[in-house]
Each structure stands twice: as C-alpha cells, then as structure tokens.
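Numbering (my numbering), first residue to last: 351 to 491.
Cβ coordinates follow ideal geometry from the N, Cα and C atoms, glycine included.
Note that the structure is a prediction, hence the values are computed from the model and not measured.
These notes are about the structure you will find just below.
Shown next as structure tokens:
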C-alpha cells in the first residue's frame with residue numbers, strides 16, 4: 351500500500367468491505383463504516399456524533415498546551431525528511447496557531463495525524479519507495 355494513502359490501510363479497507371455496498375450509506379445514518387471498524391476501539395460518542403471537528407477556541411487552547419509535543423513531532427517530520435513538505439513552514443503554521451493567529455488548522459491536523467501514522471509503519475525510512483526505470487523504458491521504446 352502506498353505510504354501516501356493511510357486511509358487505504360488494509361485494516362480500514364477490510365472493515366469497509368465487511369459492509370455490503372447497499373448498507374454503506376443510509377439517510378440519517380452517520381458513520382456506519384466507522385462504527386463497524388472502530389466500535390470498542392474509540393470512545394462511543396465519536397461514532398454517534400453528527401458534526402465535524404469544530405475549530406474553536408478550545409482547539410487553540412489545546413494547541414498552546416500541547417505545542418511542545420506537536421513541535422517535536424514536526425521537528426522530526428518524516429514527510430519533511432523525504433522532501434515532501436517544507437518543515438519550517440509547517441512549524442511556522444503551528445506557532446501561528448498556538449498564538450491564536452490565523453493558520454491552516456485542518457492541514458496541521460492532517461499533517462500531525464499523518465506523521466503519527468507514518469511513525470507506526472514497520473518500514474525503514476529508506477524503503478518507502480524504490481527507484482524504477484519503467485518510465486524511462488517506456489519513453490525509449
């Protein structure tokens with residue numbers, strides 16, 4: 351599974367396929383796939399709420415409180431080490447958010463979640479991808 355697709359992790363895909371297509375969505379039934387996959391693994395209220403995460407003042411308070419831990423995560427960003435994002439800009443956005451200034455909160459959230467997911471992968475950092483000459487061979491034919 352490509353590293354860029356954490357939501358396509360085999361366990362997540364298996365949980366999605368465990369529910370027949372006709373039962374995956376129903377008007378008024380929120381998160382049927384999440385309930386099937388995560389019941390017993392996450393707090394029950396998360397599986398029954400009907401709203402998205404609100405980026406409110408409590409979020410900014412949490413950012414201020416947890417800024418040192420979040421900075422450590424971003425200081426050791428595997429995505430930045432791979433050259434896929436500018437680590438300095440990510441840290442600057444985190445610092446802005448922790449001060450309560452405008453910041454890309456959803457993007458920061460996705461970045462931290464992705465970094466935590468990447469940290470759990472059993473692969474070595476040098477084996478995320480492999481060099482291939484397939485494209486070069488197709489071009490020369």
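**Local conformation of residue 375 per DSSP, three classes** = Three-state result, residue 375: coil.
**Asked** In or out: residue 442 buried (at least 16 other Cβ within 10 Å) or exposed?
**Response** Counting every other CB atom within 10 Å of its CB across the protein chains shown gives residue 442 a total below 16, marking it as exposed.
**Rounded C-alpha distance that separates residue 385 from residue 374** = The alpha-carbon atoms of residue 385 and residue 374 are separated by roughly 11 angstroms.
**Item:** N-terminal and C-terminal residue of the alpha helix (DSSP H) that residue 446 is part of
**Value:** According to the DSSP assignment, residue 446 belongs to the alpha helix (DSSP H) that extends over 437-448.
**Item:** Residue environment, residue 419, which counts as buried when at least 16 other CB atoms sit within 10 Å
**Value:** When all chains shown are included, residue 419 counts as exposed.
**Message:** With a threshold of 6 angstroms on Cβ separation, who are the neighbours of residue 437 within its own chain once the five nearest residues in sequence on each side are excluded?
**Reply:** Contacts found: 427, 430.
**Request:** Starting from residue 385, follow the alpha helix (DSSP H) in both directions and report where the run begins and ends.
**Result:** 382-388 is the extent of the alpha helix (DSSP H) around residue 385.
**Asked** How would you call residue 440, buried or exposed, if buried means at least 16 neighbouring beta carbons within 10 angstroms?
**Response** Buried.
**Asked** Is residue 360 helix, strand or coil by DSSP?
**Response** Residue 360 falls in the helix class under three-state DSSP.
**Request:** With a 10 Å radius around its C-beta and 16 neighbouring C-beta atoms as the bar for buried, classify residue 458 as buried or exposed.
**Result:** Its Cβ being crowded by 16 or more others within 10 Å, residue 458 is buried.
**Request:** State yes or no: is the C-beta of residue 423 within less than 7 angstroms of the C-beta of residue 465?
**Result:** It is a contact, given that the beta carbons lie within the stated cut-off.
**Prompt:** Which class does residue 424 belong to by DSSP, given the choice of helix, strand or coil?
**Reply:** Of the three classes helix, strand and coil, the one that applies to residue 424 here is helix, per DSSP.
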